Structures are given as structure tokens and as C-alpha cells.
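Data block below; observations after.
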Amino acid sequence: MKLLSIVTRMYFVPLCMGILFSGCSLVGLDLQEDYNRTPHTLDPNLYKSAWEYLESRSKTDAAAPASDKIFTRMMEAIVYSEIDIEEYKKPGRTYIFLHNDAILRGNNNDAFFRVNFSGNAAATAWTAYPKEFVRNYLKYLIVEGVHNHYTLPAVEKITGKTLAPAGAFTALPSGITRNTAATLYPFVSNPTSEMVLQILNNSPSNTQDYPIRINDHLNVRTSSLLATNGTIHVVDRYVTTTLPQ
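In the UniProt record's numbering, the protein residues as written are 1 to 245.
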């Protein structure tokens, strides 16, 4: 019996290999005509403006899928701050979009509401902050020029000019303090309201290859989305206004 088992395996393995490499049909499967397939990658083109994309994924309708609600908190900031929405429609810009997690993520001290205290406590709504502070922060997340994986130089850091006015981040507004527990986000004056962007020359995790990094601190979650009027990067953590020291 042992000998029969060995002989059977010796016969069965070559038979399987022969079937594999001959391309023969098994159980009614069609013959493989061509194993040289053209690879396809996800299309980075959104075929809509940055504003249209933001609107399409900031739904509040309970029936809307969760994937269409990832920017609802950012949209709340836009409405509250009264920023000119035309800024999201102008061409030739880089837009940093805040995923809901970048604004509030449980009790984690890496989101806007828990990094920036209002009245010595974490905020639960944008109304806890001065409108101008929120508006300037949103403007900081819009950079002149298109900076993405298709345009940024390899490894080299570039300094981008944001829409935030100079002097907007020389100090925090009255009543706003930095959470001392958020040690990764110290406030340092950025009088020029500039932003530093760079493509990393490595893969810091098994989900990101050569990500774009903002201010030498935050790796973009989803990068280089191509809107009809620029490029979009989506982040899920707080974007600090502190430049690399």
C-alpha cells in the first residue's frame, strides 16, 4: 500500500504539471489564449472639479453610503467659516482635503478638535473657534500650483505658497491653546503661511509607497487625485502649520 501511494503521487504530480503548462481545459474551462495581459491601474482622474468632488462626498443624508460622507466635517468648516467656495473652483492649485478623522477621531490627540483646545478643552464643533481662525486654516490647505506625484521632484522638498494670509499663524487666537498631550503638534510661528511638500523615497508602511509628506510631518493618506482644476490630497490626521525646523 505504501509503495502504491508513492507511485500514485509520482504519476499525479507530473500529470498536473503537464496540464498546467499545456493550457488544456479542465472542467469546461476555456483555453487560455494569451497570458501577456496589459496591466491596468486605477484612473486618478476625477472628471470633476475639486469643489464638485468635495460636495459629492460630504453628504449628510442618512441613506447615503459611508463613502459619500468622508468630508462632512470639512464641509461644516467651510459653511461655518464662510470661506469663498470659488476658491475650490479655481485652476492650477493643490487642495488638501480633510477626512473626518483629521478633524475628530475618538479620543486620539492627532485630530484638529483635540490638538487645538478651545477654553482649555477639546472642541466638538467648529463653532468653538473664531471664524477667521477656521477660514485661515482652510486657506492654508490650498496651495498655489499643482504639486503631486506627477510634478514634484524626487525626494527634494519644495515650499508652496498657500492662500492663508501672511501673519495668520504667527500666534494662536485668544482662547485657543495647544493641547499639551498632543506632543507631536507643538505650535511654532509660521509668519509666511507656507507649506513644505515632499515625496518620500521609501515606503513607511505596507500600505504606502513613496507617499507625499506635508511639512516634514504628515504622510498623505490618498494622494495625487486629479481634479479638472488641480490636484487633491486627502489626509486623515491633523495638518500642522509648523514648518520643518
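Where a beta carbon is used, it is the ideal one built from N, C-alpha and C, also for glycine.
None of the values given here were measured: they were computed from a predicted structure.
- Under the Cβ criterion (8 Å, minimum of three pairs), the stretch 74-83 counts as touching the stretch 131-140.
- V188 and T177 have their alpha carbons spaced roughly 12 Å apart.
- In the DSSP assignment, A123 falls outside any beta strand (DSSP E), carrying neither H nor E.
- Judged by pairs of C-beta atoms under 8 Å, the stretch 188-203 touches the stretch 212-220, as three or more such pairs exist.
- Three or more Cβ pairs closer than 8 Å define a contact, and the stretch 94-108 meets that threshold against the stretch 230-238.
- Within its own chain, the residues whose Cβ lies closer than 7 Å to the Cβ of L243, once the five positions on either side in sequence are excluded, are N190, E194, V196, N215, listed in chain order.
- Within the same chain, and ignoring the five residues on either side of K157 in sequence, the residues whose Cβ sits closer than 6 Å to its Cβ are V196, Q198.
- Non-local beta-carbon contacts of D110 in its own chain, meaning distances under 8 Å to residues more than five positions away in sequence, involve A182, L184, Y185, R237, Y238 in chain order.
- CA-CA distance, A64 to S56, rounds to 10 Å.
- About 16 Å separates the Cβ atoms of K139 and N229, ruling out a contact at the 8 Å cut-off.
- Take T127, set aside five residues on each side of it, and the residues of its chain with a beta-carbon closer than 7 Å to its own are Y80, in chain order.
- Its chain contains R114 as the residues whose beta carbon lies nearer than 8 Å to that of N108, once the 5 sequence neighbours on both sides are disregarded; these appear in chain order.
- Look at S189 here: in three-state DSSP terms it is coil, with no helix or strand label.
- Within the DSSP secondary-structure output, I199 pairs in a beta bridge with A154, I212.
- Residues of the same chain with a CB within less than 8 Å of the CB of A166, apart from the 5 flanking positions on each side, are P191, T192, S193 in chain order.
- Under the 10 Å beta carbon count, A122 is surrounded by 16 or more other beta carbons and is classified as buried.
- If you look at S81, you'll find it in the alpha helix (DSSP H) that goes 72-81.
- Across the set L226, V146, F169, N202, the C-alpha of V146 shows the shortest separation from the C-alpha of G160.
- The beta-bridge partner set that DSSP reports for G160 consists of M195.
- For N108, no alpha helix (DSSP H) encloses it, and the DSSP letter there is neither H nor E.
- For V239, the three-state secondary structure derived from DSSP is coil.
- With distances taken between CA atoms, Y53 lies nearest to A227 out of S67, A227, A62, T60.
- Leaving aside the five residues that flank Y210 on each side, the residues in its chain whose CB is nearer than 8 Å to its CB run, in chain order, H149, I199, L200, N201, N202, S203.
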